[in-house]
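I have placed the structure first, in the form of structure tokens, so that the comments after it can refer back to it.
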Ligand code: SAM
Ligand code: SF4
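Residue numbers (our numbering): 20 to 461.
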């Protein structure tokens, strides 16, 4: 049996695309190799959101090249956003790559392997016009009780720093019937938690044909009504698309978890304008108030970029002030990374690296202090936890996630996939610690 090895970089959308790539390869009869060295087909699902993933991919590809030098029959396949961004030069840069495909052209890999015989028709790239949902491919899911469900692909926003629209194209929503049918099938297979995925997930539905046009709030309600689905998450939403019907659905749907990822990017209205985020500081803060009024115990996460071109110390101070005012439960923090072809890459007043580094360190310190305080507030409460397996740090403990999306390590005897009540006894900035309630009572 031929075997494949897949390395994934980047976001949840890529992780989900990788489940489809694996499913497709397994349908073609390939088995999964644990080590890259044992694989006949080495696949990379790449990310290019910042320079760092580009560099990590280059290092991994060098290893694959070395393996191929020992065995010329091995196939190297490169997919994802970096491949799409470099589609014109990929085979020049890396002549040892056999086949490449973008996020919308995953089936090309299967067609290439199926038709050409491995290593024969080299050097072809999936064609953009074939862009289609990975949702139509078979899927290899890592956990039987959790699943990602792609509801849209692409993005119509024009955030000045972001390469996503140019590599994933304009937004296309999946039809609601198709999404609900997939979730119903997943529920029958034992899935209890779904995460709806889209680059701009809450703008879902606007591009649908008039006969099925609806909005993200209605989609949440439809998912909530599927029997067996006990938790619904979604990512990544855009603050501009949290309209009243969406907030009402968050408040009213029992399965929708009390967790919202609300990318801030900057706390300075001047920088937000230059970023083309379409909201300012005050509008963002009003949205936080509306969400907290509708869902009182909601956990808020965010994405923040420091060092966007032209960002002054005063702008950065405004970002710190918003972080202190909102008190996020978690935050992903990024140093601005110029991406070829984006508006921000060509802007004057690029911020020097040492200033960016200093700002990110100061930001992380504030984010971590607040996250630790927020988590400490949970001590003494009982949280519903979906058990995911043994703890990564202590195998005598179990690991799971609260509805508010915090990881909990706890003493207990439940099985993966169970929902249990856990008494929270300790906290760090990223995790909680506790004891399964049944054991507490014993
Ligand atoms: N569609 C999502 C959104 O709008 O939030 C996710 C976009 S991206 C995968 C995730 C995060 O990466 C963004 O929210 C942004 O904070 C960050 N990011 C995007 N481009 C970046 C860049 N050029 N430099 C640094 N961070 C960047
Ligand atoms: Fe990128 Fe902005 Fe679209 Fe998010 S909303 S994917 S940051 S362009």
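Glycine included, each C-beta is placed from N, C-alpha and C at the ideal position. What you are looking at is a predicted structure, and each value in this text was computed from that prediction instead of being measured.
Since I believe residue j is in contact with residue i (beta carbons under 8 Å), could you give me their beta-carbon distance rounded to a whole number of angstroms?
| i | j | result |
| --- | --- | --- |
| residue 324 | residue 353 | 5 Å |
| residue 361 | residue 182 | 6 Å |
| residue 40 | residue 62 | 6 Å |
| residue 273 | residue 222 | 24 Å between Cβ atoms; not a contact. |
| residue 326 | residue 355 | 4 Å |
| residue 314 | residue 281 | No, residue 314 and residue 281 are not in contact; Cβ-Cβ is about 12 Å, not under 8 Å. |
| residue 97 | residue 109 | 7 Å |
| residue 121 | residue 103 | 3 Å |
Pull up the distance between the alpha-carbon of residue i and that of residue j, whole angstroms please.
| i | j | result |
| --- | --- | --- |
| residue 58 | residue 42 | 16 Å |
| residue 200 | residue 131 | 30 Å |
| residue 38 | residue 306 | 34 Å |
| residue 451 | residue 113 | 45 Å |
| residue 54 | residue 24 | 7 Å |
| residue 212 | residue 445 | 25 Å |
| residue 421 | residue 415 | 19 Å |
| residue 124 | residue 84 | 24 Å |
| residue 186 | residue 453 | 43 Å |
| residue 437 | residue 215 | 21 Å |
| residue 210 | residue 251 | 11 Å |
| residue 66 | residue 171 | 18 Å |
| residue 174 | residue 73 | 21 Å |
| residue 178 | residue 339 | 21 Å |
| residue 460 | residue 243 | Since pLDDT at residue 460 reaches only 42, below the 50 mark, its modelled position is unreliable, and the value read off the structure follows with that caveat. Those two C-alpha atoms are separated by around 32 Å. |
| residue 292 | residue 163 | 43 Å |
| residue 81 | residue 311 | 48 Å |
| residue 382 | residue 76 | 27 Å |
| residue 45 | residue 253 | 28 Å |
| residue 52 | residue 180 | 37 Å |
| residue 375 | residue 247 | 47 Å |
| residue 429 | residue 28 | 29 Å |
| residue 357 | residue 329 | 13 Å |
| residue 342 | residue 30 | 23 Å |
| residue 285 | residue 406 | 35 Å |
| residue 141 | residue 127 | 13 Å |
| residue 204 | residue 233 | 22 Å |
| residue 346 | residue 400 | 19 Å |
| residue 89 | residue 279 | 49 Å |
| residue 21 | residue 79 | 21 Å |
| residue 255 | residue 335 | 24 Å |
| residue 33 | residue 220 | 15 Å |
Under the three-state reduction of DSSP, which class applies to residue i: helix, strand or coil?
| i | result |
| --- | --- |
| residue 349 | strand |
| residue 435 | coil |
| residue 101 | helix |
| residue 322 | strand |
| residue 402 | strand |
| residue 35 | helix |
| residue 369 | coil |
| residue 444 | strand |
| residue 157 | coil |
| residue 185 | helix |
| residue 40 | helix |
| residue 22 | strand |
| residue 280 | strand |
| residue 218 | coil |
| residue 166 | strand |
| residue 246 | coil |
| residue 196 | helix |
| residue 430 | strand |
| residue 364 | helix |
| residue 454 | strand |
| residue 175 | coil |
| residue 76 | helix |
| residue 138 | In this predicted model, residue 138 has a pLDDT of only 48, less than 50, meaning its place in the structure is not dependable; the value taken from the coordinates is given anyway. It is coil, neither helix nor strand. |
| residue 419 | strand |
| residue 376 | helix |
| residue 122 | coil |
| residue 114 | coil |
| residue 253 | strand |
| residue 329 | coil |
Closer than 8 Å, CB to CB, is residue i near chain B or not?
| i | result |
| --- | --- |
| residue 223 | In the structure shown, chain B cannot be found, because there is only a single protein chain. |
Exercise. Just checking, does the stretch 235–247 make contact with the stretch 189–208 on the three C-beta pairs under 8 Å criterion?
Worked result: yes
- Query: Three or more beta-carbon pairs under 8 Å between the stretch 391–408 and the stretch 436–443, yes or no?
  - Reply: yes
Can you tell me which residues fall inside 6 Å of the ligand SF4, judged by beta-carbon distance to its nearest heavy atom, and keep chain order? 174, 176, 178, 181, 183, 184, 218, 219, 257
Does the stretch 302–318 come close enough to the stretch 363–374 that 3 or more CB-CB pairs lie under 8 Å? no
If contact is defined by three or more beta carbon pairs under 8 Å, each pair taking one atom from either stretch, is the stretch 311–324 in contact with the stretch 422–429? yes
Three-pair Cβ contact test at 8 Å for the stretch 402–416 versus the stretch 380–387
no
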